[in-house]
Each structure stands twice: as structure tokens, then as C-alpha cells.
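Chains as they are written, first to last, in the working numbering: chain A, 17 to 354; chain B, 1469 to 1730; chain C, 7 to 308.
This report refers to the structure that appears directly beneath it.
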Amino acid sequence: MLRRYSVHLSLATVGGLIVYLAHQEYISLYIMSVLMFMGVNIIMSTSLNLVNGYMGEFSCGHGGFMCVGAYVSSLLGVWLFAGDKVFGAPLLNPKYTLYAFPLLILVGGIAAALAGLLVAIPSYKTRGDYLAIITLASNYIIISVIENIGAIGGSRGFMGMKQLINAMGKSVDLPWMPIWVFLFTVFCIWLMRRYISSTFGKGVIAICQDEVAAEIMSVNTNKIKTITFMVSSGMAGIAGGLFAYILGYVNPGSFNILKSTEVLVMVYLGGMGSLSGSVLSAILFTILLELLRPLQIVKWIVIPLLLIILMQFRPEGIMGNRELGDIFPKLKKFYRFK
Amino acid sequence: MSIPTEKRPVLEIRNLTQNFGGLRAVSDFNIQLMPGELSGLIGPNGAGKTTVFNLVSGFYQPSEGAILIDGVPTGGLKPHKVTALGVARTFQNIRLWNEMTVLDNIRVAQHYRLGYGFFHSAVRSKRYMRREAEIAREAAELLDIFHLTQYADEFPKNLPYGTQRKLEIARALSIHPKLLLLDEPAAGLNSSDIQELIRLIRWIHEMFAVTIWMIEHQMDVIMQLCTRIKVIDFGETIAEGNPEEICNHPAVITAYLGDDTI
Amino acid sequence: MENLVQNIINALQWGSFYALIALGYTLVYGVLTLINFAHGDVFMVGAYIAFFSATFLLTTLGLPGWIALALCIPVTMILTAMVGVTLERIAYRPLRNKGAHRLYVVITALMCGLILEHANLAIFGASRKAFPQLIAEHVYTIGGVTFTNLKIAVIATAFLAFLFLHWMVTRTRVGMAMRAISYDKFAVPLLGIPLDRIIVVTFILGSGFAGLAGLLFAMSYPVLEPYMGALIGWKAFIAAVVGGIGDIRGAFLGGFLLGAVEIMVVAFFPSTFRDLIAFTVLLLILTWKPTGLFGIAKTTKI
Ligand SMILES: Nc1ncnc2c1ncn2[C@@H]1O[C@H](COP(=O)(O)OP(=O)(O)OP(=O)(O)O)[C@@H](O)[C@H]1O
Ligand SMILES: [Mg+2]
């Protein structure tokens, strides 16, 4: 009985602990923000793994969907709950911000999921490298659309999200951003795990391994592809929304190909087709980025170099396509990983 | 003109033609398969046999002609819809999902009657739980009657070739088809495996009461199993009849002349 | 009318750069089915090599401009080719020999690109470099259309490069082996040419022409910075795919097409719309012809 809920309990403990420590200001703001970016990166890498690892496509424009989520939830939030020179006075009373916040993030996710159709529909006919280009082009297109809308700041970016954070803190005095990031990260992994372990979601893996056999063995491949791309890009949108509110500021430049590359690296570092691998590599990658921050520009020589060397030794990523439970069978007592 | 149900053909192909660019791979092909029939399709390499199967399973849209499954025309249907009408098949080169367990290979083939979608899988609704339990139980039962239970958690790529063939047939049958298409089931098997395969197909034919249509180069397999055989060459039907008639048919002998399989 | 001709000349010149770079992508892809994402940065390195050799030849040795240029071309091409081959030897080949999933090689290529960019940034700093003038630029005006000797040279070079490569892959043994690999990787060792040698030749050709493109680009737009290769590289890659990746004709056509689209967009819209419209056009082309203009759809045999 206790065992069955052990994972839930330990998650609650970790979450509670972080919130408590943040509230008591035992954790510095800097460490807190690193932890939050870790959450964002976890969502990004697991969701990209859904497409690149489980479905076997090569999407290299994940940053674009993150951008859609970031802008939609920011614009909507500021329009509804904060004063701003673009939108004028807030439409609703800022004291409701707290309750609306998860919805704002979700709406960003839904918008990004719809943007995911940009890639999902061509994927009916195309696979592999041609689809990779379509994802790449979508990334560019999304970013240049936003750069060309002067009203929301164009390439200079958009801000005002800090007001919503403050409003939430005023309603109930808790460190809300860490809480939301934690909850959404858990939610995304939970959702993906359930999807991928159902017979329905196993269709995704069947498409990866043999699409022809999947279609002929009654898997509606177009439907599965659409859902998978939409779930994946929707989660990138959620990550984007959180990212925007953590920073309090967005600009299209932060979602360019370099961002997409970072996410790709996390996925392949962790291992294609391993959710726990993606989580692990997102954590490691975030820490690595922070540790090497003092190196400044040299950081971007050292990190790729490390990765190249790592790939020479483990060409299948940290976890390959196994889950934690396959490596430490004892863990299976507490949780079914597949 | 209404045909009584019991007399309606499971598969009816009318004037089927398939062109690939300038190549006419299948030309004016006709057949009617009655429920419970075990029929064969033979012909030299490149004759267009697999293409006929691909057309029936909806992988290609025919250039001309019509295909009816149990009276339902399949024109314009995607393969998974055709499968849902009751057509299952195996492939000339085994196409299992090689890095998915044997049990999952069977489970995924149940997509046509899953009865739930993304939402149910996310919230783990009652319906989801019920369907998953049913599917898992039926898949386990199927593995059991095929004596594959011991491999349930293995990856197909690690199984012996003959077992992979058997698993592919089991996966096709898990769809509960009305019509089972077997594309060269004996290819790559040794002679003792082939004897077992012949028994297996016979057993399936009785046990599952399914109509079977098979392509095979091994003549003894065809001769032992099929009651009716169709021969094509360069896409054209050149002969049709029972095993004895086919063996002595001059056109067949000419088509196969020099082919050492006969 | 003059306007149109003017735009066509500009488009040809601009497209020449894309074409020369796209070629490197296409060659490597044809042989290895590897998207060599470091290629744009190899182009950037080429431009820098051109910068240093030109400065050295002009200033240190005090050679006249045209001799400097004549020396600069082979030096740049050879050194850049060496960079490309080095990447292949130390980063891609070991992975390939280990049988890694090909996407891991792609990620390695991405990482190599990042290293090239930032190593450059770390060594030479963020300040832009001004490329010295090697030959005097002459402006010709014919019937209202202006063009320079440089523009003509760029376009001519691109066409010559195309003809050379076309000859190479259709007439020489190595070239035919390169084409053969894209059909059947396992048949090539049977032709008696070691696979690794063909791969090295491919990287020499691809990187060499990227170096040439770098030199011409630096002469035409004489300001160099470490990130100059990234965007052009990604775009050239997209051009290669739109043409049908793996096909040399496709790379050239795709390059010129992208150049034309970009120049036309700038002629009629604000220049910030350039990427937006160019990429949308490319996306539409790929939706209409999913394997590019010259690409052949691989039929899955079942
Ligand atoms: N998708 C396709 N595109 C073009 N040509 C095709 C395609 N599929 C099959 N063909 C051609 O159609 C002809 C018939 O092929 P098919 O695979 O049906 O032969 P087969 O009778 O099954 O032969 P085998 O006994 O060797 O399996 C062959 O010439 C083949 O090359
Ligand atoms: Mg065949």
C-alpha cells in the first residue's frame, strides 16, 4: 500500500521541501531560478523525445513551439491581469491571477499544439530528413512572424509578466513560480508516460519501428502522428509559458535554432526513447551550463567538446532506450516505468 | 441483385489493374474467394503477386478495377480501414516491430477495435482500464494457443526465424480477420519448419474458420494446402484450377520453365 | 524591365553563395546520408582563412592585388578542405565505425559547428573584420542595369563549380562511386574503391567549395563575424533539401531559387519579411513536392 504511493509521496516531499526552502529563503534566488530552468528543460527534452525518440522523426525546431507558448501565455496574461502600454488597463482584477495562471499556461500550450499542426500535417506524406527541414523552417517562420509584429515589441521582446507574479504573491504569500514549474513538470511527464504506455500510445513506437506494418496492422498512423506532434509541441508551449514568466520577459531571439539545438542535445544525450534518460540529461545539462558559466564564451567550446567525447564513448546516450527501472530493477517494486 | 449472405464472397476482385509508371504490374485481375476457402496465388518472380496483396490491403490505390471485402468496396480506404474490414496479412520479408515485446506486437495490432483514444489513456478511465485488460488477456490467450507464451517479453529480433514467421501469423490472426493473406510464409524456412508450417496453416484454417489466400514459391506447400490455385505471370492471369490441373497446365509449365522451384 | 534584370542579376549573385554551400551539404548527404550541420561554419572558417591569407599576402608580402587573389583562391580552398576533412576524421568517422545511430552523428556535427563558431569568437574576439580589397571593383552600366566585375565573377564561379562537379560525378571513377553509394552503400566496396577514400574526397570537394564561397562572400560583403556562417548555412541546407538533397542539380537550383525569392521579397516588402516569406515559400514547395524538386521518392518495398 505504502509502496504503491511511494513515488507520489516522494514527489510531494521533494516539491514541498523546495517550496518550503524557497519560502524561508534558504535557497538563494539564483539557485531557485536554476531549479526552475531545470524544470523547463525537463519538459522540453521529454516532449521532444516523444517525437524524436519514440516516434523516430527528427524534429529540430522545438524552440519555435516554445516560442508560441511563451508569447501566447504572456500576452494573454498581461492583457487580462496587468497594466501595459500595448493593452492599457487590465481587463480583470489582478487578484484572480493566481487562479487563472495555470489556465494561461495551458492556453499557451494549446496554441503551441495548434502550431504543431504546421509539422504534423506534412508528416503524413514525408518522413526523415525532409520532415526535419519542415520543422526547421517552422522554427524560423514562427520567430520571424513575431519579429515582424511591432505592436508586441517585435525583435525587442515583450515584458510585463512580473506584475502577474507579484499579484499572485499578494493573493497568497508563497513562491508561486517554483510551485507552478514543479507542478507542470510533473504533469507533463505524467501525461506522457501514460500516453506512451497505453496500447494506443504504443502505436507511436510501432510507427518508429515499421510504419508500413503499423498502418497495415490497423494503426491509424496519421491520427497518431497528429496527436503525438500536438502533445509534443503543446508541452513545449507549456515550457515556453513557464520560461516567459520565470524571466518576466520574452524575446523571439531566445527561441531560435540554438535553443532547439540545446533541446536536441538533451534528448540525444539522455538516450532516444527513454523518458528517465531525458529527465536525467536535462538536469545534468542545466547544471553543466551553470557550472561552466564563468568560462563565458569558452563555455560553448567546452560543452560541445564534452558532448562529442561523451558520444564517442556512449554512442547511444546515457540511457540508450532503457528506463531507470531496467537498470535498477529494484526500483520497479515502487513504480512501473513502462 | 442481392446475394444471400452465406454465398457472398469474402473477397471479390474485379478487373484489377495496377500501373507503376510504364510498368503494368497487375493487369485485369479477377477473383472471388468464398468463405472458408484456402486458395493459392503463384507465379514467377516479379509476376505481381505481392502487388495484388498490397492492393487488397489498401497499400496502393488500384489504377483500375474494384476490390470488395465482404461486399464492401475498399476504393479510397486507407490500409488501417481495410484491415478493420477484416483483412489481415503477413509480409514476404517479416515485418514485426522488432524492438517491442512479442506481447506488445499483438497488443498494438488491436488498434482497430481499441475503443478509446488519447483522452482515455491520459485519465485512465474505466473504459480504458477495461479495454486494456481485455486486450492483454486476449493477447495472452493468443500467444498461449500458438505456444509463444515463453517469448512474451522477448524482442522478436531475438527469436529464431521460424518463430518470427509464426508470430507474424499470430499477429495477423489477432485481428480476427475474415480474410488472411499470407505472402510467402515458407520463405527462408528449412524443411522440418515447412512441415510444421503446413500443419499450422491447416490448423488455423479449421480453428479460426478464416478464409486464407496465400502466395508461395514452394510448390509442395501450395499443392498440399490449396484447393484452388491461380497463376499469374507479368501481371496477367495465365491459369486457374485445382492443384492437379495447375501441375499439368502447359502455360504454367512454360512460365516456370527454367525456374527450379517446380 | 531594367529593374527586373537588375534584380535577376542580384538574385543570381546572392543565390550563387547558397548554391556553393548547398553543394557541400548535398555531396555529403548523398554519400553518407549525414546532414553535416557544421558546414555553414566551415564556410565561415573559409571566409576567415581567406581574410588572413589575403591580409598576409597583401600587407606582409606586399604582393599586387591580382596575384594575391590568384594565390588566395587555392590556399583558401585547400585549407578549408583540410578543416572539413579533419572534422570527418576526428568526429564523424569514429562514430560511424562504432555503428552509432546516424542522428548521433548529426548531433556531433551540430556540436562541431558550435565549436568552430565559438573558438573563432574566443580567439579573434567579437569585433568584425574588414576584408581587404584585392581587386578594384569596376561598375558597368548597360541600359540602366548596373553590375560589377565581382558580381559577374561570383556568378561565373558558381556555374563553373556546377559544371566541374557535374563532370566529376558523371565522368570520373570516384564521382561515379559517390553516386553509386547513394544507391547502395554495400555495392561500392565491390567497385574496388575504399569507402573511406570516397568519403574523404566528398568532404574535400564540399569544404573546398565552401571555402571558395567564403572568399567570394568576403570580397562581396567585406565584413566578417563568427556567426556569419550559421544563418547562411541553415538556409543553404534548406535550399539543398528543396532542390532534392543528394542531387547536385538540386543543390544549385535550390540555391538560386532561394536567392531569387529573397531578392524579390526585399524588392517588394520590408526587408524584415525576408526570412518569413522565403521560408514560407520553401515550406510550400516541400508540401507540394515532399522530396524536393529533383529528389526521388524512395519506394518502400513490401
Ligand atoms: N512501388 C512500386 N513501384 C514501382 N514498381 C513496383 C512497385 N512495387 C512493385 N513493382 C514492380 O512490379 C512488379 C511486380 O512486383 P511484385 O513484388 O508484385 O512481384 P512478386 O510477384 O511478388 O515477386 P516475388 O516472387 O519476387 O515476390 C515488379 O517488376 C516490381 O519491380
Ligand atoms: Mg512478392
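Where is the CB? At the ideal position from N, CA and C, for every residue including glycine.
Got a sec: is the Cβ-Cβ distance from Ile308/C to anything in chain B below 8 Å? Numbered from 1 along the third sequence, position 302 holds the residue referred to as residue 308/C. Interface flag for Ile308/C against chain B is set, since a Cβ pair is found closer than 8 Å.
With a cut-off of 8 Å, do at least 3 Cβ pairs link the region 1508-1519 of chain B to the region 1696-1708 of chain B? Short answer: they touch.
CB of Arg1482/B within 8 Å of CB of Gly1533/B, strictly: Along the second sequence, read from residue 1 onward, the residue named residue 1482/B stands at position 14. Along the second sequence, read from residue 1 onward, the residue named residue 1533/B stands at position 65. Between Arg1482/B and Gly1533/B, the CB-CB gap stays under 8 Å.
Tell me the rounded alpha-carbon separation between Glu1713/B and Arg1581/B. Numbered from 1 along the second sequence, position 245 holds the residue referred to as residue 1713/B. Numbered from 1 along the second sequence, position 113 holds the residue referred to as residue 1581/B. In a straight line, the C-alpha of Glu1713/B is about 42 Å away from that of Arg1581/B.
Between Lys1546/B and Leu1479/B, what straight-line distance do the alpha-carbon atoms span, to the nearest angstrom? Counted from its first residue, the second sequence places residue 1546/B at position 78. Counted from its first residue, the second sequence places residue 1479/B at position 11. In a straight line, the C-alpha of Lys1546/B is about 17 Å away from that of Leu1479/B.
Note the first and the last residue of the continuous beta strand (DSSP E) segment covering Trp1565/B. Residue 1565/B sits at position 97 when you count from the first residue of the second sequence. Under the DSSP assignment, Trp1565/B falls outside any beta strand (DSSP E); it carries neither an H nor an E label.
I want to see whether chain C comes within less than 8 Å of Thr62/A, judged by CB atoms only; does it? Counting from 1 along the first sequence, the entry for residue 62/A is found at position 46. With 8 Å as the cut-off, Thr62/A does not count as an interface residue toward chain C.
Can you list, in chain order, every residue whose CB sits closer than 5 Å to a heavy atom of ligand 1? Selection output, chain order preserved: Phe1488/B, Ala1493/B, Asn1513/B, Gly1514/B, Ala1515/B, Gly1516/B, Lys1517/B, Thr1518/B, Thr1519/B, Thr305/C.
Pick from Gly124/A, Leu66/A, Pro191/A, Phe301/A: whose alpha carbon is nearest that of Gly85/A? Numbered from its first residue, the first sequence carries residue 85/A at position 69. Nearest neighbour of Gly85/A by Cα position, chosen from Gly124/A, Leu66/A, Pro191/A, Phe301/A, turns out to be Gly124/A.
With a 10 Å radius around its C-beta and 16 neighbouring C-beta atoms as the bar for buried, classify Pro1645/B as buried or exposed. Position 177 of the second sequence, counting from 1, holds the residue named residue 1645/B. Counting the other CB atoms within 10 Å of its CB gives Pro1645/B a total of 16 or more, which places it among the buried residues.
Along the region 193-211 of chain A, where does the CB come closer than 8 Å to a CB of chain B? Name the residues. Here the close residues are Leu207, Arg210, Tyr211.
Whose Cβ in chain C lies nearer than 8 Å to the Cβ of Gln328/A? Mapped onto the first sequence, residue 328/A falls at position 312. Going along chain C in sequence order, the residues near Gln328/A (Cβ under 8 Å) are Pro100, Leu101, Lys104.
beta-carbon Ile232/A near ligand 2 non-hydrogen atom, thresh 7 Å: Reading the first sequence from its first residue, position 216 is the one you call residue 232/A. Ligand 2 never approaches Ile232/A closely enough for any of its heavy atoms to be under 7 Å from the residue's Cβ.
Taking only beta-carbon positions, decide if His1447/B is within less than 8 Å of chain A. Only positions 1469 to 1730 of chain B appear in this structure, which leaves residue 1447/B out of reach.
In angstroms with no decimal places, state the Cα-to-Cα distance between Ser1659/B and Ala1719/B. Indexing the second sequence from 1 puts residue 1659/B at position 191. Indexing the second sequence from 1 puts residue 1719/B at position 251. Here the C-alpha atom of Ser1659/B lies approximately 28 Å from the C-alpha atom of Ala1719/B.
Residue burial classification, Gly1504/B (beta-carbon count within 10 angstroms, cutoff 16): Indexing the second sequence from 1 puts residue 1504/B at position 36. Result: exposed.
If we ignore side chains and look at the alpha-carbon of each, how far apart do Ala284/C and Arg330/A end up? Numbered from 1 along the third sequence, position 278 holds the residue referred to as residue 284/C. Numbered from 1 along the first sequence, position 314 holds the residue referred to as residue 330/A. Roughly 39 Å between the two C-alpha positions.
Apart from the five residues on each side of it in sequence, which residues of its chain come closer than 8 Å, Cβ to Cβ, to Gly71/C? Here the question's residue 71/C lines up with position 65 in the third sequence. Counting only Cβ-Cβ distances below 8 Å, and skipping sequence neighbours, we find Leu64, Gln139, Leu140, Ile141, Ala142.
Cβ atoms of Gln1486/B and Val1437/B: under 8 Å apart, would you say? Because chain B here runs from 1469 to 1730, residue 1437/B falls outside it and cannot be looked at.
Taking the straight line between their C-alpha atoms, what separation do you get for Pro191/A and Met208/A? In the first sequence, the residue the question calls residue 191/A occupies position 175. In the first sequence, the residue the question calls residue 208/A occupies position 192. If I take the Cα positions, the gap works out to 27 Å.
Put Ser1593/B into one of helix, strand or coil per three-state DSSP. Working through the second sequence from its first residue, we reach residue 1593/B at position 125. DSSP, read as helix, strand or coil, puts Ser1593/B in coil.
Presumed contact (8 Å Cβ cut-off) between Gly249/C and Ala257/C, rounded CB distance: By one-based count along the third sequence, residue 249/C stands at place 243. By one-based count along the third sequence, residue 257/C stands at place 251. With 8 Å as the limit, Gly249/C and Ala257/C qualify as a contact, their Cβ atoms being about 5 Å apart.
Per DSSP, which one or two residues make a beta bridge with Gly1508/B? Working through the second sequence from its first residue, we reach residue 1508/B at position 40. The partner list for Gly1508/B (beta bridge, DSSP) reads Met1682/B, Ile1697/B.
Would you mind sorting Lys1594/B into buried or exposed? The rule is 16 or more other CB atoms within 10 Å of its CB. Position 126 of the second sequence, counted from the first residue, corresponds to residue 1594/B. With fewer than 16 other Cβ atoms from the protein chains shown falling within 10 Å of its own Cβ, Lys1594/B counts as exposed.
Exposed or buried, which one is Asp1728/B when buried takes at least 16 other CB atoms within 10 Å? For this step, residue 1728/B is matched to residue 260 along the second sequence. Only weak support is given to the placement of Asp1728/B: the predicted model assigns it a pLDDT of 49, under 50, and the question is left unresolved by the model.
Output the boundary residues of the beta strand (DSSP E) element that contains Asn44/A. For this step, residue 44/A is matched to residue 28 along the first sequence. Inspection of the sequence shows that residue 44/A is occupied by Ser rather than by Asn. In the DSSP annotation of this structure, Ser44/A is not part of any beta strand (DSSP E), being labelled neither H nor E.
Exposure of Met1597/B, with buried meaning 16 or more beta-carbon neighbours within 10 Å: Start at 1 with the first residue of the second sequence, and residue 1597/B comes out as number 129. Exposed: under 16 other Cβ atoms inside 10 Å.
Are any of the Cβ atoms in chain C nearer than 8 Å to that of Ala153/A? Along the first sequence, read from residue 1 onward, the residue named residue 153/A stands at position 137. Ala153/A has a beta carbon lying within less than 8 Å of a beta carbon in chain C.
Using the rule of at least 16 other Cβ atoms within 10 Å of the residue's Cβ for burial, across every protein chain shown, is Asn236/A buried or exposed? Taking the first sequence and counting its residues from 1, the one referred to as residue 236/A is at position 220. By the 10 Å Cβ count, Asn236/A comes out buried.
For Gly286/A versus Ile334/A, is the C-beta distance shorter than 8 Å? Sequence index remark: in the first sequence, residue 286/A carries index 270 (1-based). Sequence index remark: in the first sequence, residue 334/A carries index 318 (1-based). Here Gly286/A is near Ile334/A, since their CB atoms are less than 8 Å apart.
Nearest CA to the CA of Asp226/A: which residue from Lys307/C, Leu67/C, Leu69/C? What you label residue 226/A is simply residue 210 of the first sequence in a count that begins at 1. Comparing alpha carbon positions, the residue from Lys307/C, Leu67/C, Leu69/C closest to Asp226/A is Lys307/C.
Simplified DSSP assignment, three categories, for Pro1409/B: Since the displayed chain B opens at 1469 and closes at 1730, residue 1409/B lies outside it and no answer follows.
How would you label Gln179/A, buried or exposed, when you count the other beta carbons within 10 angstroms and need 16 or more for buried? In the first sequence, the residue the question calls residue 179/A occupies position 163. That one is buried.
Just reading off the beta strand (DSSP E) that Glu1708/B is part of, what are its end residues? Translated into the one-based positions of the second sequence, residue 1708/B becomes position 240. Where Glu1708/B is concerned, the enclosing beta strand (DSSP E) stretches over 1704-1709.
How should Phe170/C be labelled, buried or exposed, when 16 other C-beta atoms within 10 angstroms of its C-beta is the threshold for buried? Your numbering for residue 170/C matches position 164 in the third sequence. By the Cβ neighbour-count rule, Phe170/C is exposed, with fewer than 16 other Cβ atoms within 10 Å of its own.
At a cut of 8 Å, does the region 85-97 of chain C reach the region 8-21 of chain C through at least three beta carbon pairs? No: the two stretches stay apart, fewer than three of their Cβ pairs being nearer than 8 Å.
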